[in-house]
Every structure is written in structure tokens, then in C-alpha cells.
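Position 12 of the sequence shown, counted from 1, bears residue number 12 in my numbering, the numbering being contiguous throughout.
For glycine and all other residues, C-beta sits at the position ideal for the given N, C-alpha and C.
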Amino acid sequence: MITVQNTIHASIDKVWDFWTLPEHIKKWNIAIDDWLTEEVENDLKEKGKFKYKMSKKDGSLSFDFEGIYTKVENLSLIEYRLDDNRTGKVSFEHNGNTVKITETFEPTKQDSESMQEKWCQTVIDNFKKYVENN
Numbered sequence: 001m002i003t004v005q006n007t008i009h010a011s012i013d014k015v016w017d018f019w020t021l022p023e024h025i026k027k028w029n030i031a032i033d034d035w036l037t038e039e040v041e042n043d044l045k046e047k048g049k050f051k052y053k054m055s056k057k058d059g060s061l062s063f064d065f066e067g068i069y070t071k072v073e074n075l076s077l078i079e080y081r082l083d084d085n086r087t088g089k090v091s092f093e094h095n096g097n098t099v100k101i102t103e104t105f106e107p108t109k110q111d112s113e114s115m116q117e118k119w120c121q122t123v124i125d126n127f128k129k130y131v132e133n134n
């Protein structure tokens, strides 16, 4: 399992909304500058589906990141299973006006764990910047 985390200086309501609403996900869910999250579908409930269409900005490559939510506890926990059966979870621990986000997930076998950890940490860092600047 790979674990990444960051502490966001904002209310739990804002952090939760920015993490789960498609219009916000599109703005922070990137790990590499020449990529973007083009489309987001997010049915945030147990057995609800999510799908993020990730694309290179020049249109030369794209893929879908998708799965099903297996557990959702409002303002505190999201667990999921990806289409390739890997699992993960995101926990939200709030303390006053800060929220610690921790994401743990099963790595793919195709890419190095260090690369996947760096990629996911970059996404969490982008999320922190987006929330704190908006």
C-alpha cells in the first residue's frame, strides 16, 4: 500500500466539497503540468461510480480513471475499488480550521511504487494549493 497526506488550512466542509464536486476536481486533479482532468463524473455514495477522464493538453493521449465507492462517511471517509480491482481510501481528520487528508491505495504493478507515490503526493499538494487559494 502507498500512503500520501497533507494538511489543509480550511474548514472540513470546504475541503470535502472541493475534494468531491466535479467542478473543483477538474481544477486540482493533475500531477504533471501538460495533463488535465477533462471530464469528471462523481456519484458520491456507496456503490456510486466515479470516472475522471485524464488527457494530455495537446490531445495526444488520454485515459479514464474510474471505479466504485465501497464506503462513504460524510466529511470523514471515502473508500473505493478501481475497475482493475485495486482498492483505496481517503480519510479526512479535522481539527478546528485544518483538515489532514490521508490517501492510501494499492499500487499498480506496471509502474514503480516510488513514481506512483510521487504522482499521488503531487495531486494532494495541488489540492492543498487550490483549496487554500480559493
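DSSP bridge partner residues for residue i (one or two, in chain order)
i, result
"residue 56", "35"
Per-residue DSSP class, three states only, for residue i
i, result
"residue 9", "coil"
"residue 62", "strand"
"residue 104", "strand"
"residue 45", "coil"
"residue 14", "helix"
Extent of the continuous alpha helix (DSSP H) to which residue i belongs
i, result
"residue 87", "Not the alpha helix (DSSP H): residue 87 falls in the beta strand (DSSP E), residues 87 to 95."
"residue 113", "113 to 133"
"residue 23", "22 to 28"
Residue j beta carbon less than 9 Å from that of residue i
i, j, result
"residue 39", "residue 50", "no"
"residue 90", "residue 103", "yes"
Cut-off 7 Å between Cβ atoms - residues of its own chain near residue i, not counting five sequence neighbours on either side
i, result
"residue 117", "2, 4"
Contacting residues, own chain, Cβ-Cβ under 6 Å from residue i (five flanking each side not counted)
i, result
"residue 87", "81, 106"
Residue range of the unbroken beta strand (DSSP E) whose run includes residue i
i, result
"residue 82", "77 to 82"
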